[in-house]
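Just so you know, we're using the numbering used here here: the sequence shown kicks off at 1 and counts up by one.
From the three backbone atoms N, C-alpha and C, an ideal C-beta is built for every residue, glycine too.
On a predicted model such as this, the values are computed, not experimentally measured, just so you know.
Shown next, in structure tokens, is the structure this report addresses.
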Amino acid sequence: MQNYPILLIATENYVPFAACLMTSIIYNTNKIVGGGQNKPYCFYILSDFLSKSTQEKLSKLQAKLSIIYPLEITIHLCDDAEFRENNLPKLNENYLCFYRLLFERFLDFSAQKVLYLDVDMIVLWDLREIFAMDLEDKVCGVVLDYKANRLLMPKDESHPPLNLSQGYFNSGLLLIDVQKWRAQEIESQILHSMDSYHFKEHDQSILNYILKDKVKILPLYWNVLVYYFINAKTKEEGGNFNISYTRNQLNNALKNPKIVHYYLDYKPWRDDKIYVDTKGEFLGKYWWDIAQKTPVFTDELMRLKESASQARVFQAALGFLLLKFARFGLYFLLPIQAYWIMKKGLDNQASQEIPRGDYNLSIEIGKEAIKAYNKGKGRLLALPFRILNLQKRFQLAKKRLEGL
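Given below as structure tokens:
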């Protein structure tokens, strides 16, 4: 392999976040490696449109980061036609999420592996380690997704409904054996599948459909969804488990994540805290630490900090006040307190910094209280039971994390 190919997808507005991700990769690559291992990264950015000024910024970013570790950034503009003609569902009003399905059109023919990463990630480890993994006879290396019902419904009666729940993976990280992908004509299979099912989870649904039984399951720490830090129950713990990994694998991932994935609405540029990790750090901090170091785009990124720092202040403060009432056993007062605070607001003193050990639970209680207030009296009356259940869940999760 002549380099480490990494595939990214970004709209014009998301290029600064892609720049932050690339910077995290460079800063976490060990520069002192013998045996000629310092091969360059080659970042392939797929987009529908990038202005001339943005392309110039990416060129400058390449020059700045190359001083630290060798890399190349190439831009490829894609056509929506194939996805639009098949009436595939848009994500965020565009088809960009499907572009990764066509990666082989842009990749150097000699490439052995390519790594796809969502740009709402931050890398905390030397990424070359994942390129060294043996995928054996599989087309792709993946990390399993949050367990849920993943049912594909056909567009017509010629195809049966398919349940993909078992082994369903998250498409935010894909380590692809390029030669096997080409030899098995995966792109052709994908294009022929587009009119067969309703792929409600977009490219992720398609990839799970086509690559079923063709993937190698990678360790969870390569793609740690931030929600795992507050809500994860493993398969060995029975009941309604939501993580298809063992408790040891989950604990290792939470304590030593190699890639943190700020998926769905958990974006650090919108909320600079998100949740607190096992080390007592806000998950958003890892992203913001890199944002400050991201060449060319630093000012653009840091302008988002003020609004991000205020994102869930009220929700957290509300939750913490209700938590204090709950700890005194005053559950009967929780609906009244929640209603009163939602009506009157909080003073500055009530919004003071919350102890890190209470932050995650406070955020979740605050979310339940706001939801209860918005849904009316019945939901408010049930709030004490919801808070009690949250307390029990968090206490049990803490014991499991500590191995008790």
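Counting along the chain, the unbroken beta strand (DSSP E) around PHE169 starts and ends at 169-177. Remark: C-beta atoms of PRO268 and VAL224 do not approach each other more closely than 7 Å. The alpha-carbon separation between TYR263 and TYR227 amounts to approximately 9 Å. By the Cβ criterion, the region 108-118 is not in contact with the region 78-88, since fewer than three pairs of Cβ atoms, one from each stretch, lie closer than 8 Å.
Within 10 angstroms of the beta-carbon of HIS192 lie fewer than 16 other beta-carbons, which makes it exposed.
With contacts defined as CB atoms closer than 7 Å, LYS233 and SER244 fail to qualify as a contacting pair.
Closest in alpha carbon position to PRO384, among ARG400, LYS293, LEU396 and ILE365, is ILE365. In its chain, beyond the 5 residues on either side, PRO295 and VAL296 have a beta carbon closer than 8 Å to the beta carbon of LYS64. For TYR4, the closest alpha carbon among the candidates LYS392, LEU381 and VAL178 is that of VAL178. VAL296 carries a coil assignment under DSSP once its states are collapsed to helix, strand and coil. Annotation for MET121: the continuous beta strand (DSSP E) segment containing it runs 121-123.
Between the region 201-211 and the region 41-52 there are fewer than three C-beta pairs closer than 8 Å, too few to call the two in contact.
HIS261 is bridged by DSSP to MET121 and LEU225. If you draw a straight line from the Cα of GLU82 to the Cα of ILE341, it is about 51 Å long.
Taking LEU21 as reference, the option from VAL143, GLU104 and MET121 with the minimal CA-CA separation is MET121. Shortest Cα-Cα distance from PRO160 to any of ASN242, GLU185 and SER196 involves SER196.
Secondary structure of GLY141 (DSSP, three-state): strand. Distance from ARG270 to ALA311 at the Cβ level is roughly 6 Å; contact confirmed, criterion being Cβ atoms closer than 8 Å. LYS200 is positioned such that its CB atom lies no closer than 7 Å to that of VAL139.
Residue environment: GLY345 is assigned as exposed (fewer than 16 neighbouring CB atoms within 10 Å of its CB, all protein chains considered). For CYS42, the secondary structure class from DSSP, reduced to helix, strand or coil, is strand. By a beta-carbon distance limit of 8 Å, ARG128 does not contact THR23. Their separation comes to about 16 Å.
PRO5 carries a strand assignment under DSSP once its states are collapsed to helix, strand and coil. For HIS192, the enclosing alpha helix (DSSP H) covers residues 186-193.
Per the DSSP secondary-structure output, PHE320 pairs with nothing in a beta bridge.
Between the alpha carbons of ASP289 and SER53 lies a distance of about 25 Å. C-alpha of GLN189 to C-alpha of ARG379: approximately 48 Å in a straight line. Per the coordinates, the alpha-carbon of ILE363 lies some 36 Å from the alpha-carbon of LEU61. The residues LEU318, LEU322, ALA369, ALA372, TYR373, LEU380 and LEU383, in chain order, have a CB closer than 8 Å to that of ALA338 in the same chain once the five nearest residues on each side in sequence are set aside. With a cutoff of 7 Å on beta-carbon distance, ARG100 and ILE9 are scored as near each other.
In the displayed model, LYS305 falls within a helix according to three-state DSSP. HIS198 sits in a strand when the DSSP states are folded into three classes. Bounds of the alpha helix (DSSP H) holding PRO335 are 334-344.
VAL119 sits away from ILE25, with the two beta carbons spaced by 7 Å or more.
Contact between ARG150 and SER165 holds, with the beta-carbon distance rounding to 5 Å and staying under 8 Å.
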